[in-house]
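These protein sequences, in sequence, are chains A and B. Under our numbering, think of the first position of the first sequence as 11, with each following residue one higher. Under our numbering, think of the first position of the second sequence as 11, with each following residue one higher. The structure appears below as structure tokens.
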Amino acid sequence: MVPMSYFVGLSAVLFAIGVAGVLLRRNIIVIFMSIEIMLNAVNLAFVALGRRLGSMDGQVMVFFVMTVAAAEAAVGLAIIIAVFRNRETVNADQLNLMRW
Amino acid sequence: MPLGVFIFLAALAVTSALGTVLQRNPVHCLLALVVTLLAIAVMFIGLGAVTVGFLQVIVYAGAIMVLFLFVIWLLNLQAELRTSPGYLALKALAGLLCAALVAELFTLLWHAPTAGGAQAAAPPGYGSIEKIATMLFSDYLISFEVTSVLLLAAIVGAMALARRAPAPQHASPQAAAADGPARPEGA
């Protein structure tokens with residue numbers, strides 16, 4: 011049997027990889043994908059700890075997280091399309107119109 | 011789940027997540043991300059969360075990833091050019107911060123009371139679609155209904171944001187000139 015701490019440790023590593031993607035990449039779509047990695051890492055921790063406690067509330071939370079991720083992807087990609095139509099770029103460094 | 015299967019899936023998930031972050035072509039990033047999602051879905055099933063695992067495959071690896079792919083093709087994105095070397099110090103700092111985050115999370119995990127130890131025996135019907143549906147429509151009923159409102163708002167918002175401004179047919183010429191052709195309306 012695999013100890014639950016292995017799952018939570020894997021979740022921590024995946025979350026850090028997602029954070030690295032958000033910090034390192036300049037392409038907005040890839041930044042979005044990194045956010046999806048972070049959401050999935052948290053989902054894995056939910057399911058693993060729920061299994062550890064023998065409860066299913068974590069799985070219901072994963073269900074809601076998936077729904078919110080779908081809504082976020084739809085609205086976020088629509089914003090990206092609108093930005094690309096106006097600025098002809100998806101590079102986060104060039105989207106500095108509101109920069110201080 | 012046997013330990014060997016876990017190690018294989020974990021290595022697959024971490025490798026493909028790194029691929030998502032490090033590759034230059036957005037389509038390659040997306041394919042690596044699909045591998046990560048599928049590995050995590052298999053882990054869900056191995057943990058007894060069968061319904062959630064299949065939902066992960068259908069909703070995440072299926073629908074949301076197709077949406078990403080569609081946008082990448084719609085925008086006709088090419089592989090990123092190499093960034094100027096002036097960003098190298100910032101990137102090193104970002105990597106350092108991520109390493110610090112991993113260390114911090116593992117320290118927390120080391121002290122967490124629930125993370126260690128053997129897992130409890132799963133009750134019969136654990137993770138079945140019947141149990142999840144019962145919980146969704148009893149304990150989490152209000153959240154479930156609010157989620158439907160959220161999805162409706164997301165649909166309307168995405169439509170309003172992504173559509174082109176319609177050609178003004180009944181507007182006066184001044185209004186048509188003031189309204190740029192590429193401005194999304196209702197944003």
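Think of the CB as a built atom: it goes at the ideal place given N, C-alpha and C, for glycine as much as any other residue.
Is any beta-carbon of chain A found at less than 8 Å from that of residue i?
i                          : result
valine 69 (chain B)        : yes
alanine 197 (chain B)      : Its pLDDT being 44, under 50, alanine 197 (chain B) is placed unreliably in this model, and the coordinates cannot settle the point.
threonine 25 (chain B)     : no
glycine 105 (chain B)      : yes
proline 36 (chain B)       : yes
glycine 72 (chain B)       : no
phenylalanine 54 (chain B) : yes
serine 148 (chain B)       : no
leucine 48 (chain B)       : no
Could you name the residues of the same chain whose beta carbon sits closer than 7 Å to that of residue i, not counting the 5 residues immediately before and after it, in chain order?
i                    : result
glycine 58 (chain B) : Ala132, Tyr136, Gly137
valine 57 (chain A)  : Gly68, Gln69, Val72
glycine 8 (chain A)  : Shown here, chain A extends from 11 to 110; a query on residue 8 (chain A) therefore has no answer.
valine 45 (chain B)  : Leu22, Ser26
valine 93 (chain A)  : Leu105
For residue i, which residues in chain B fall below 7 Å Cβ to Cβ?
i                       : result
arginine 109 (chain A)  : Those do not exist, as arginine 109 (chain A) stays about 16 Å from chain B at its closest Cβ, beyond 7 Å.
isoleucine 90 (chain A) : Val81
valine 29 (chain A)     : Cys108, Leu111
Applying a beta-carbon distance threshold of less than 8 Å, which residues of chain B neighbour residue i?
i                    : result
alanine 26 (chain A) : Cys108, Ala109, Leu111, Val112, Leu115
Per DSSP, which residues does residue i bridge with? Please list them.
i                        : result
asparagine 101 (chain A) : A:Asn37
Just to confirm my understanding: we take residue i, look at its own chain, exclude 5 residues before and 5 after, and list those with CB closer than 6 Å. What are they?
i                     : result
arginine 36 (chain A) : Asn101, Ala102, Asp103
glycine 196 (chain B) : Low confidence applies to glycine 196 (chain B): its pLDDT is 48, below 50, so where it sits in the model is not reliable, and the reading given next is rough at best. Correct list, in chain order: Ala170.
glycine 190 (chain B) : Bear in mind that a pLDDT of 49 at glycine 190 (chain B), under 50, signals an unreliable position, so the number given afterwards is only what the model happens to contain. Excluding sequence neighbours, glycine 190 (chain B) sits near nothing in its chain.
Of all the CB atoms in chain B, is at least one closer than 8 Å to the CB of residue i?
i                     : result
valine 135 (chain A)  : Outside the displayed span of chain A (11 to 110) sits residue 135 (chain A), for which this structure offers no information.
leucine 105 (chain A) : no
alanine 81 (chain A)  : yes
valine 52 (chain A)   : no
valine 78 (chain A)   : yes
Only counting the same chain, and skipping five residues up and downstream in sequence, which positions put a Cβ closer than 8 Å to that of residue i?
i                       : result
isoleucine 55 (chain B) : Gly63, Phe64
serine 127 (chain A)    : As displayed, chain A neither begins before 11 nor continues past 110, which places residue 127 (chain A) out of reach and without an answer.
Run through chain A and tell me which residues come within less than 9 Å of residue i, C-beta to C-beta.
i                    : result
leucine 85 (chain B) : Ile39, Ile90, Ile91, Phe94, Val100
List the residues of chain A whose Cβ lies closer than 7 Å to the Cβ of residue i, in chain order.
i                    : result
lysine 133 (chain B) : Just to set this straight, residue 133 (chain B) is proline in the shown sequence, not lysine. Here the neighbours are Gly64.
valine 62 (chain B)  : Val57, Gln69, Val72, Phe73
Could you tell me which chain A residues have their CB closer than 8 Å to the CB of residue i, listed as they occur along the chain?
i                          : result
leucine 119 (chain B)      : Ser15, Val18, Gly19, Ala22
phenylalanine 78 (chain B) : Ile39, Phe42, Met43, Ala83, Leu87
>> At 4 residues or longer, what runs of the alpha helix (DSSP H) sit wholly inside the segment 63–110 of chain B?
In response: 75–85
> What are the uninterrupted segments assigned as alpha helix (DSSP H) that are 4 or more residues long and contained completely in the segment 129–154 of chain B, given in chain order?
Replying inline: 139–146
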